[in-house]
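Visitor:
There are 2 protein chains.
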Amino acid sequence: MVTRLSHFFLRTLRDDPAEAEVASHKVLVRAGYIRRQAPGVFAWLPIGLRVKNKIETIIREEMANAGAYEVHFPALLPREPYEVTGRWEEYGDALFRLQDRKGADYLLAPTHEEVFTLLVKDLYSSYKDLPLTIFQIQDKYRDEARPRAGLLRGREFTMKDAYSFDYTDAGLDASYQAQRDAYERIFQRLGLEYVIVQADAGAMGGSRSEEFLHPTAVGEDTFVRSEGGYAANVEAFTTVAPDPFPVEGQPEAQIFDSPNTPTISTLVAHVNAVLELPEAGEWTAAHTLKNVVLALTHLDGTRELVVVGIPGDREVDDKRVEVAFAPAEVEPATEEDFLAYPSLVKGYIGPWSPTGAVLGEESATGIRYFLDPRVVDGTSWITGANVDQKHVHSLVAGRDFFGDGFVEVASVREGDEAPDGSGTVSLARGMEIGHVFQLGRKYAEALGLKVLDENGKLTTVTMGSYGIGVTRILANIAELNHDDKGLIWPAAVAPFDVQVVATGRDVTAFELAETLSSELEASGLDVLLDDRPKVSPGVKFADAELVGVPKIVIVGRGAVEGNVELWDRRSGDRDVVTVAEAVARLRS
Amino acid sequence: MVTRLSHFFLRTLRDDPAEAEVASHKVLVRAGYIRRQAPGVFAWLPIGLRVKNKIETIIREEMANAGAYEVHFPALLPREPYEVTGRWEEYGDALFRLQDRKGADYLLAPTHEEVFTLLVKDLYSSYKDLPLTIFQIQDKYRDEARPRAGLLRGREFTMKDAYSFDYTDAGLDASYQAQRDAYERIFQRLGLEYVIVQADAGAMGGSRSEEFLHPTAVGEDTFVRSEGGYAANVEAFTTVAPDPFPVEGQPEAQIFDSPNTPTISTLVAHVNAVLELPEAGEWTAAHTLKNVVLALTHLDGTRELVVVGIPGDREVDDKRVEVAFAPAEVEPATEEDFLAYPSLVKGYIGPWSPTGAVLGEESATGIRYFLDPRVVDGTSWITGANVDQKHVHSLVAGRDFFGDGFVEVASVREGDEAPDGSGTVSLARGMEIGHVFQLGRKYAEALGLKVLDENGKLTTVTMGSYGIGVTRILANIAELNHDDKGLIWPAAVAPFDVQVVATGRDVTAFELAETLSSELEASGLDVLLDDRPKVSPGVKFADAELVGVPKIVIVGRGAVEGNVELWDRRSGDRDVVTVAEAVARLRS
Chain A
460 MVTRLSHFFL
470 RTLRDDPAEA
480 EVASHKVLVR
490 AGYIRRQAPG
500 VFAWLPIGLR
510 VKNKIETIIR
520 EEMANAGAYE
530 VHFPALLPRE
540 PYEVTGRWEE
550 YGDALFRLQD
560 RKGADYLLAP
570 THEEVFTLLV
580 KDLYSSYKDL
590 PLTIFQIQDK
600 YRDEARPRAG
610 LLRGREFTMK
620 DAYSFDYTDA
630 GLDASYQAQR
640 DAYERIFQRL
650 GLEYVIVQAD
660 AGAMGGSRSE
670 EFLHPTAVGE
680 DTFVRSEGGY
690 AANVEAFTTV
700 APDPFPVEGQ
710 PEAQIFDSPN
720 TPTISTLVAH
730 VNAVLELPEA
740 GEWTAAHTLK
750 NVVLALTHLD
760 GTRELVVVGI
770 PGDREVDDKR
780 VEVAFAPAEV
790 EPATEEDFLA
800 YPSLVKGYIG
810 PWSPTGAVLG
820 EESATGIRYF
830 LDPRVVDGTS
840 WITGANVDQK
850 HVHSLVAGRD
860 FFGDGFVEVA
870 SVREGDEAPD
880 GSGTVSLARG
890 MEIGHVFQLG
900 RKYAEALGLK
910 VLDENGKLTT
920 VTMGSYGIGV
930 TRILANIAEL
940 NHDDKGLIWP
950 AAVAPFDVQV
960 VATGRDVTAF
970 ELAETLSSEL
980 EASGLDVLLD
990 DRPKVSPGVK
1000 FADAELVGVP
1010 KIVIVGRGAV
1020 EGNVELWDRR
1030 SGDRDVVTVA
1040 EAVARLRS
Chain B
460 MVTRLSHFFL
470 RTLRDDPAEA
480 EVASHKVLVR
490 AGYIRRQAPG
500 VFAWLPIGLR
510 VKNKIETIIR
520 EEMANAGAYE
530 VHFPALLPRE
540 PYEVTGRWEE
550 YGDALFRLQD
560 RKGADYLLAP
570 THEEVFTLLV
580 KDLYSSYKDL
590 PLTIFQIQDK
600 YRDEARPRAG
610 LLRGREFTMK
620 DAYSFDYTDA
630 GLDASYQAQR
640 DAYERIFQRL
650 GLEYVIVQAD
660 AGAMGGSRSE
670 EFLHPTAVGE
680 DTFVRSEGGY
690 AANVEAFTTV
700 APDPFPVEGQ
710 PEAQIFDSPN
720 TPTISTLVAH
730 VNAVLELPEA
740 GEWTAAHTLK
750 NVVLALTHLD
760 GTRELVVVGI
770 PGDREVDDKR
780 VEVAFAPAEV
790 EPATEEDFLA
800 YPSLVKGYIG
810 PWSPTGAVLG
820 EESATGIRYF
830 LDPRVVDGTS
840 WITGANVDQK
850 HVHSLVAGRD
860 FFGDGFVEVA
870 SVREGDEAPD
880 GSGTVSLARG
890 MEIGHVFQLG
900 RKYAEALGLK
910 VLDENGKLTT
920 VTMGSYGIGV
930 TRILANIAEL
940 NHDDKGLIWP
950 AAVAPFDVQV
960 VATGRDVTAF
970 ELAETLSSEL
980 EASGLDVLLD
990 DRPKVSPGVK
1000 FADAELVGVP
1010 KIVIVGRGAV
1020 EGNVELWDRR
1030 SGDRDVVTVA
1040 EAVARLRS
């Protein structure tokens, strides 16, 4: 069917929407693809829906190729299964909760592990039924604290979520690989660059987990990669710890006065002035051990102060901290916390103290003390003495102080070593467009999904969970495929294959545009025909550039000689050709 | 693609689900099409989703034929526009309401008039932009008090809702007709019998309104129709009022003792014993005027007692009462109400009284008094005297008492006259499967949707609203197309065109089944292949009958001679034919 702009429900806007922060949001609203209904909640207009449908079709085809079957779950789900797995609470404020008229609790599902697990439990009972992968393309809900960036982070968004069910670990590996391969094919077909990075399973509670990140400056995730092929998001990056040193023969720890040195930089300046300099020449932040006080709020609501010791030349990374202590919520300690624990002398906190206020679970304070993996036994540090205006130097890990465990909370830096020995890493920004998880048996155990194995014994099923953000992908494609004039869709997802623009006042041009459109349509192409009367060529061209159909045919003055102009939106090239030539080129 | 039952996510159940009340619900669950997630909330399994998609495709095609463009709105919407039109309150408990993390009010949309109106207001400004009809196929939410009957009345359900925008009444008529025609084509293609009945616009607040009812015993609506072509649901039926009679010369009203006659039947027996009999032979309930006290709760929360006078041979019909007094809620008066109004003498209430407690807005009681349309001036009644144990006869409307208006609340009966003079009506049960409304200017006025007309003057847009229940249609088709063995899909919506069943232990049959399936697939048919090894023919046949693919091919013992059995699921006919013949017949 030829879609005629004289009737089509499409209006372009002259100005960017006031609330838009990123390019994709601006251009999609301006070109008439989407309209905002509430923060992070959008309506799809006809031309936008066409692009969304094309993306969904590609995903469906590749899911079918991967042997996955499509189902469709409601968004509105009862509380109970999410209560069993703990996620009713764990999701915190990000979960939209509601009650029905009888006061029963419901949620708008942010993801569907629980009900897919229960469905399979309901229908399957034998290892012979497995493997199984089922998926849906469905609208999901997350009450984001800062819905921003248009479709890149919405509160209602369309996702393809798939779930695999196996009864052996090898089976899970195969199902995981099949989805992972399908994701690669999908992103390749969509022309969307991606990096597969190791990820932390986080709230999903699984084992193996990888993210598909699209490298982009507007990305919310930072990831690292080495030339040797290592890639991980910063949450999943693991530090290469040095080997321990012998503690024997190292000088004794010494307290020294350090007035007005509550920060690492003031401390470093001070020690370079008052202490004997090290062999390397001078003291640096890397020689100091910074002790950061964090307040954890556990799921049961209890609050706990902990201290983490990291090299003074690094910061605590918010995302890494979140993962390290999940599912507890973490925030910096407050003034009230310090008042409640006078043994924590702000600016002078250390793991060892002349006053006896030593950190650690087994110590007098009882405050748990976690160490950066670099603080191995035998390393010597300058750090706080837990006494106001005093620090201590030559404090040796494994001799003078001990941690309650290691945590990965320190920031990752350009040049850090990749954990797999593949060289040093560089940092980049990316946007998560897909995620594959090996959930393992967590959900099946919680919800009792077992099947009989070959020996007639009940065995718990092992699961995978695989998500692709459909609306987010669309926004990323828009981010990547636009210029200052508007969108430039890749052919695979373009709302129309060709836009035919009839210009001028001569009826010949309009008639030829109609004939040409019908001919192109008969060749199986989707045609948008700009047949608007009394609209100037300039406005029509500007609209065509904004809307972003990749191939444009201008039918104007040349129409009387049977000539049209072929315009490639991406390259900007314009060729005057005969109608026959235009049809032939557009068909190919 | 050939779908193989050996892998397909389909499990049939032996037993009906415990909670199922109607046949469609039972058979759709048992045949593996849907699974219940919560009361009135269902998940779609792969085979069910295929049927749902086929119905949606037919609807999309007919919407395109009617010139409507598809959009997609979120289910989660902000309160504000629904507050402006009053529906945030009017929907009462049927609306799912929730708050986001910031405490802002949201709803899960039961229908989208408000946001479609705002969208058009946002993008359109001139009469030249109109007419416009836009639609979506989307999941909707209503918190039904009694979600029952499976998909026939769900709390989450899929609907096609379309909205038309015009600037003239004639334009609205044309847009309405285009949707009405499209609905006829849709139901015809789906093979779903329908009756178009006049309906009350009810909560939608519009003018012209028709329902597409599917006549079925499980229907929740009662409708009337005459042989002459009139059809209406009972809410919309209007009574043919007799012409008024002259009051002159009629006998005077007379109070009489009527001990222990608080009901119509006791009253009729009493008057036949004590009063002079009428010309017709004896007094009947139709000679009496029954006065029913109702309590209205208005939108602002105030409560008002009203009395309605109807012929004693009729009952007050709940649905008609609801519509007559909408948007107020109506319930029968309580004992407390009667105690609060001692002038209402229960069992002896009348519009006229020797004590002066006359009903009517202008009367001493101030209680509004509404009359059935049959109570025209000059009609003479036996009715209560507002005095305990006393009635009055020869009480003449327009002489002795007056109403504050007429209301259509009395029950409709087989044999009542159709208002259009097309004869008497009969009653039937039906299920609403579609609804077309002329909303008029109500929403456009409330939300300020105006365009400039030909003279440059701002004019308010007039709208229509058109809904089809996709999931309800599917359930109705299932109600209509099943037997005691299972489903029998019409070809237009069947999940597969053909089911090929390989039986026996001979590998030849399985190989032939594969070849045949590929051949059918190459002819463009959707094939479900039952290639399950080690499953008995009996189980396979029973599953095929339950699942309901209309054409079945059994490949068994005859395979060695190149013969198969063609089985028509609806007629039950089985023919042994050659493979070539089978392919030829199935193609046609």
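Residue numbers (my numbering), protein chains in the order written: chain A, 460 to 1047; chain B, 460 to 1047.
Glycine is no exception: its CB is placed at the ideal position from the N, C-alpha and C atoms.
#1: Within the continuous beta strand (DSSP E) that includes B/F594, where are the two ends?
#2: Go through the segment 462 to 536 of chain B residue by residue and report every complete run of the alpha helix (DSSP H) that reaches 4 residues or more, in order.
#3: What is the residue span of the beta strand (DSSP E) that A/V1035 lies within?
#4: For B/F501, go through chain A and note every residue whose CB falls closer than 8 Å to its CB, in chain order.
#5: Mind listing the chain B neighbours of A/D598? Cutoff is C-beta to C-beta under 8 Å, in chain order.
#6: Taking 8 Å as the threshold, find out whether the segment 933 to 941 of chain A comes into contact with the segment 607 to 619 of chain A through three or more Cβ pairs.
#7: Between A/V1012, A/R494, A/D879, A/K916, which has its C-alpha nearest A/V683's C-alpha?
#8: Taking 8 Å as the CB-CB limit, is A/E788 close to chain B?
#9: May I have a chain-ordered list of the beta strand (DSSP E) segments no shorter than 3 residues that lie completely inside the segment 675 to 742 of chain A?
#10: To the nearest angstrom, report how far apart B/M663 and B/H894 are at their CA atoms.
#11: Is the beta carbon of A/L672 closer than 8 Å to that of A/Y642?
#12: Quick one: complete beta strand (DSSP E) runs, 3+ long, within the segment 783 to 821 of chain B?
#13: Please confirm if the segment 565 to 582 of chain B is in contact with the segment 910 to 924 of chain B, defined as three or more CB-CB distances below 8 Å between the two stretches.
#14: Quick one: grab the DSSP three-state call for B/A856.
#15: Note the first and the last residue of the continuous beta strand (DSSP E) segment covering A/P770.
#16: Excluding the 5 residues flanking B/L589 on each side, which residues of the same chain have their C-beta closer than 6 Å to its C-beta?
#17: Determine, for A/V910, whether the minimum Cβ-Cβ distance to residues of chain B falls below 8 Å.
#18: Output, in chain order, the set of chain A residues within a Cβ distance shorter than 8 Å of B/D602.
#19: Are the C-beta of B/V530 and some C-beta of chain D separated by less than 8 Å?
#20: Interface residues of chain B around A/M522 at Cβ under 7 Å?
#21: Taking the alpha carbon of B/Y902 as the point to measure from, which residue in B/M890, B/R827, B/T921 has its own alpha carbon closest?
#22: How about B/V952: is its C-beta nearer than 8 Å to some C-beta of chain A?
#23: Rounded to the nearest angstrom, how far is the Cβ of A/A568 from that of A/Y600, given a contact under 8 Å?
#24: Relative to the alpha-carbon of A/G768, which residue among A/H757, A/A477, A/A745, A/D759 has its alpha-carbon at the smallest distance?
#25: Does any CB atom of chain A fall closer than 8 Å to the CB of B/D863?
#26: Please go through the same chain and pick out, in chain order, the residues whose beta-carbon is closer than 6 Å to the beta-carbon of A/G740, but skip the five residues on each side of it.
#27: For A/L906, go through chain B and note every residue whose CB falls closer than 7 Å to its CB, in chain order.
#28: With H, G and I counted as helix, E and B as strand and the rest as coil, what does DSSP make of A/T838?
#29: Excluding sequence positions up to five away, which residues of its chain have a Cβ less than 6 Å from the Cβ of A/E521?
#30: Verify whether the separation of the beta carbon atoms of A/A844 and A/P770 is less than 8 Å.
#31: If you drop the 5 nearest sequence neighbours on each side, which residues of the same chain put their C-beta closer than 8 Å to that of A/D552?
#32: With contact counted as at least three CB pairs below 8 Å, one residue from each stretch, are the segment 809 to 817 of chain A and the segment 831 to 848 of chain A in contact?
#33: When the Cβ atoms of the segment 1015 to 1025 of chain A are set against those of the segment 962 to 974 of chain A, are three or more pairs found closer than 8 Å?
#34: Here's the rule I'm using: 16 or more other beta-carbon atoms within 10 Å means buried, otherwise exposed. How should B/N692 be labelled?
#35: Within 8 Å (strictly less), CB to CB, does A/F468 reach chain B?
#36: With A/L631 as the anchor, note down where its alpha helix (DSSP H) starts and where it stops.
Guide: Checking against the coordinates, here is how it stands:
#1: Stepping through the second sequence from its first residue, residue 594 of chain B is reached at position 135. Here the beta strand (DSSP E) through B/F594 covers 591 to 600.
#2: 482 to 489, 505 to 524
#3: One-based indexing of the first sequence puts residue 1035 of chain A at position 576. Looking at the DSSP string, the run of the beta strand (DSSP E) that includes A/V1035 is 1033 to 1037.
#4: What you label residue 501 of chain B is simply residue 42 of the second sequence in a count that begins at 1. By Cβ distance, chain A contributes P533.
#5: Mapped onto the first sequence, residue 598 of chain A falls at position 139. What A/D598 touches in chain B: P533, A534, D598.
#6: yes
#7: In the first sequence, residue 683 of chain A corresponds to position 224, counting from 1. Nearest C-alpha to A/V683: A/D879.
#8: Translated into the one-based positions of the first sequence, residue 788 of chain A becomes position 329. Output row for A/E788: interface = no.
#9: 680 to 685, 690 to 692, 713 to 716
#10: Stepping through the second sequence from its first residue, residue 663 of chain B is reached at position 204. Stepping through the second sequence from its first residue, residue 894 of chain B is reached at position 435. The predicted model places B/M663 with a pLDDT of 46, which falls under 50 and marks its position as unreliable; any figure quoted below should be read in that light. Roughly 11 Å between the two C-alpha positions.
#11: The count along the first sequence starts at 1 and reaches residue 642 of chain A at position 183. The count along the first sequence starts at 1 and reaches residue 672 of chain A at position 213. In this structure, A/L672 does not lie closer than 8 Å to A/Y642 by Cβ.
#12: 788 to 791
#13: yes
#14: Here residue 856 of chain B refers to the residue found at position 397 of the second sequence. Three-state result, B/A856: strand.
#15: For the purposes of this step, residue 770 of chain A is taken as residue 311 along the first sequence, with counting starting at 1. Note, A/P770: beta strand (DSSP E), 762 to 770.
#16: Here residue 589 of chain B refers to the residue found at position 130 of the second sequence. So the qualifying residues of the chain are F624, D625, Y626.
#17: By 1-based counting over the first sequence, the position of residue 910 of chain A is 451. Cβ-Cβ to chain B under 8 Å: no for A/V910.
#18: Here residue 602 of chain B refers to the residue found at position 143 of the second sequence. Neighbours of B/D602 on chain A, chain order: D559, R560.
#19: Of the protein chains in the structure, A and B, none is chain D.
#20: Sequence index remark: in the first sequence, residue 522 of chain A carries index 63 (1-based). Result: empty, since nearest Cβ-Cβ is about 11 Å, beyond 7 Å.
#21: On the second sequence, position 443 is the one that residue 902 of chain B refers to. When each option's Cα is compared against that of B/Y902, the closest is B/T921.
#22: Indexing the second sequence from 1 puts residue 952 of chain B at position 493. No, B/V952 does not count as interfacial toward chain A.
#23: One-based indexing of the first sequence puts residue 568 of chain A at position 109. One-based indexing of the first sequence puts residue 600 of chain A at position 141. So it is a contact: roughly 7 Å between Cβ atoms.
#24: Residue 768 of chain A sits at position 309 when you count from the first residue of the first sequence. Checking every option, the nearest Cα to that of A/G768 belongs to A/A745.
#25: To locate residue 863 of chain B, count along the second sequence from 1; it is residue 404. By this cut-off, B/D863 is not an interface position.
#26: Numbered from its first residue, the first sequence carries residue 740 of chain A at position 281. Nothing listed; no residue qualifies.
#27: On the first sequence, residue 906 of chain A is found 447 positions in, with the first residue counted as 1. Residues of chain B passing the Cβ test: none, with the nearest at roughly 14 Å.
#28: For the purposes of this step, residue 838 of chain A is taken as residue 379 along the first sequence, with counting starting at 1. Coil at A/T838, not helix or strand.
#29: Taking the first residue of the first sequence as 1, we reach residue 521 of chain A at position 62. So the list reads A641, R644, I645, once near-sequence residues are dropped.
#30: Here residue 844 of chain A corresponds to residue number 385 of the first sequence, with the count starting at 1. Here residue 770 of chain A corresponds to residue number 311 of the first sequence, with the count starting at 1. Contact: no.
#31: The residue labelled residue 552 of chain A in the question sits at position 93 within the first sequence. Result list for A/D552: D602, A604, in chain order.
#32: yes
#33: yes
#34: The sequence position of residue 692 of chain B within the second sequence is 233, counting from 1. With 16 or more other Cβ atoms within 10 Å, it is buried.
#35: Mapped onto the first sequence, residue 468 of chain A falls at position 9. For A/F468, the answer is yes, since a Cβ of chain B falls inside 8 Å of its Cβ.
#36: By one-based count along the first sequence, residue 631 of chain A stands at place 172. Residues 628 to 648.
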